[in-house]
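Asks:
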Ligand SMILES: [Zn+2]
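In our numbering, the protein residues as written are 7 to 339.
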């Protein structure tokens, strides 16, 4: 978009969520729009000013073929995907997700650097990240010895993640952060302490889709997706490779079903001054509590930070108790 100032910040991009939303707004390419920042900071298009159209606006059409490998695009609800599981673009996105904050949290290995390493042949999959050598990185254009050293050091310090983050890092279709948490709680209880990637494989291979559906929030579509992911030879090899390069599942109390926050469901909204959202969620889980992305009657507390979003309004509407940061921190003690 042409840059515009909203609430003291210059906005050049705003989310349209998905094709259904584009249709709902009636948005065309070249339109003038109203942009707002929801409490969760992400700018979004809220309205199309059709009266300002010049007649040159063009309708948006979702491509029928993947722009990277030409495979047919498959529609799944509001989501469109390349139909090829081995598509290079999908693989790239998976690698970007693997190093992100909510998964392995490898700082300094953002999407651009991952792309560069892929293009230069330094890595072929996520497991290769853990065997990166300083010399290989330093040989690349724009990378000095010092940055190469920092990357290798950072990678080596991030080989252990909690089970839920590990499951989330695998980019299994329909398995987001919350589903990964529920799955982690379930399989940790099945097999005692899981400390290795092949332990995760073993636990899931034992479960039929029907077993998976007994887990709260998991329906047939999700269970089929999980089940087939762990049956695929390529994915099994990938888990074994992760283990060989030293990836481990860290012991966390997050999986304890007891703890002072047992049975309480937290939703976070707005920015907390003293800790990152991911860390706050982990602390809640470590004390036996649960987290959710949406406010419902099942929500026990909504933790309200700076610039809270619609979740705060929803909490008031449903009469869910809200906590400010101070009250929340007190509870974590
Ligand atoms: Zn593709």
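Glycine is no exception: its CB is placed at the ideal position from the N, C-alpha and C atoms.
Being a predicted model, the structure only gives us computed values, none of them experimental.
Between the alpha carbons of residue 8 and residue 182, how many angstroms are there, rounded?
Replies: Reading the chain shown from its first residue, position 2 is the one you call residue 8. Reading the chain shown from its first residue, position 176 is the one you call residue 182. So the alpha carbons of these two residues sit roughly 32 angstroms apart.
Asks: Out of 328, 313, 104, state which residue places its alpha-carbon closest to the alpha-carbon of residue 132.
Replies: Here residue 132 corresponds to residue number 126 of the chain shown, with the count starting at 1. Comparing Cα positions, the closest option is 104.
Asks: Does ligand 1 have a heavy atom nearer than 7 angstroms to the CB of residue 171?
Replies: The residue labelled residue 171 in the question sits at position 165 within the chain shown. The answer is no for residue 171.
Asks: Using only the heavy atoms of ligand 1, determine whether one of them is closer than 7 angstroms to the beta carbon of residue 75.
Replies: Within the chain shown, residue 75 is the residue found at index 69, counting from 1. Yes - ligand 1 has a heavy atom lying nearer than 7 angstroms to the Cβ of residue 75.
Asks: Across which residues does DSSP place residue 64 in a beta bridge pair?
Replies: Position 58 of the chain shown, counted from the start, is the residue given in the question as residue 64. 35, per the DSSP bridge assignment.
Asks: Who are residue 42's beta bridge partners in DSSP?
Replies: In the chain shown, the residue the question calls residue 42 occupies position 36. The partner list for residue 42 (beta bridge, DSSP) reads 50.
Asks: Report the rounded CA-to-CA distance for residue 69 versus residue 10, giving the unit in angstroms.
Replies: As a position in the chain shown, residue 69 is number 63, starting the count at 1. As a position in the chain shown, residue 10 is number 4, starting the count at 1. Going by the C-alpha atoms only, they are around 29 angstroms apart.
Asks: Based on Cα-Cα distance, which residue from 41, 24, 228, 57 lies nearest to residue 85?
Replies: The count along the chain shown starts at 1 and reaches residue 85 at position 79. The candidate whose alpha carbon is nearest that of residue 85 is 24.
Asks: To the nearest angstrom, report how far apart residue 328 and residue 297 are at their CA atoms.
Replies: Here residue 328 corresponds to residue number 322 of the chain shown, with the count starting at 1. Here residue 297 corresponds to residue number 291 of the chain shown, with the count starting at 1. Cα to Cα, residue 328 sits roughly 14 angstroms from residue 297.
Asks: Run the CB neighbour count on residue 186, radius 10 Å, all protein chains shown included, and call it buried at 16 or more, exposed below.
Replies: On the chain shown, residue 186 is found 180 positions in, with the first residue counted as 1. Buried: at least 16 other Cβ atoms inside 10 Å.
Asks: Within 10 angstroms of its Cβ, does residue 152 collect 16 or more other Cβ (buried), or is it exposed?
Replies: Taking the chain shown and counting its residues from 1, the one referred to as residue 152 is at position 146. Residue 152 is exposed by the Cβ-count criterion.
Asks: Within the present structure, is the beta-carbon of residue 70 separated from the nearest heavy atom of ligand 1 by less than 7 angstroms?
Replies: Numbered from its first residue, the chain shown carries residue 70 at position 64. Because no heavy atom of ligand 1 lies under 7 angstroms away, the Cβ of residue 70 does not count as near it: no.
Asks: Helix, strand or coil, according to DSSP, for residue 113 in the structure here?
Replies: The count along the chain shown starts at 1 and reaches residue 113 at position 107. Three-state DSSP puts residue 113 in coil, outside helix and strand.
Asks: Helix, strand or coil: which one does DSSP assign to residue 78?
Replies: Locating residue 78 in the chain shown gives position 72, counting from the first residue. The answer is strand: DSSP assigns residue 78 an E or B state.
Asks: With C-beta atoms as the reference, is residue 36 less than 8 angstroms away from residue 71?
Replies: One-based indexing of the chain shown puts residue 36 at position 30. One-based indexing of the chain shown puts residue 71 at position 65. If you check the CB distance, residue 36 and residue 71 do not come in under 8 angstroms.
Asks: Based on Cα-Cα distance, which residue from 301, 221, 49, 30 lies nearest to residue 14?
Replies: Counting from one through the chain shown, the residue named residue 14 turns up at place 8. Out of 301, 221, 49, 30, 49 has the C-alpha closest to the C-alpha of residue 14.
Asks: Straight-line CA distance for residue 180 to residue 322?
Replies: The residue given as residue 180 occupies position 174 in the chain shown. The residue given as residue 322 occupies position 316 in the chain shown. Between residue 180 and residue 322, the C-alpha separation is close to 30 angstroms.
Asks: When the Cβ atoms of the segment 205-222 are set against those of the segment 232-250, are three or more pairs found closer than 8 angstroms?
Replies: yes
Asks: For chain C, find out if any of its Cβ atoms is closer than 8 angstroms to the Cβ of residue 294; answer yes or no.
Replies: Of the protein chains in the structure, only one exists, and it is not chain C.
Asks: Would you kindly check if the distance between the Cβ of residue 202 and the Cβ of residue 255 is under 8 angstroms?
Replies: Walking along the chain shown from the start, residue 255 turns up at place 249. Walking along the chain shown from the start, residue 202 turns up at place 196. Their beta carbons are under 8 angstroms apart, which means residue 255 touches residue 202 by this criterion.
Asks: Could you have a look at residue 206 and say whether DSSP puts it in helix, strand or coil?
Replies: To locate residue 206, count along the chain shown from 1; it is residue 200. Residue 206 falls in the helix class under three-state DSSP.
Asks: Could you name each continuous alpha helix (DSSP H) segment of 4 residues or more that falls completely within the segment 203-243, going from the start of the chain to the end?
Replies: For the segment 203-243, the full-length alpha helix (DSSP H) segments reaching 4 residues or more read 203-211, 215-219, 226-237 along the chain.
Asks: Does the distance from the C-beta atom of residue 167 to that of residue 110 stay below 8 angstroms?
Replies: Translated into the one-based positions of the chain shown, residue 167 becomes position 161. Translated into the one-based positions of the chain shown, residue 110 becomes position 104. Yes. Within cutoff.
Asks: Please classify residue 305 as buried or exposed, where buried requires at least 16 neighbouring CB atoms within 10 angstroms.
Replies: Along the chain shown, one-based indexing puts residue 305 at 299. So residue 305 counts as buried.
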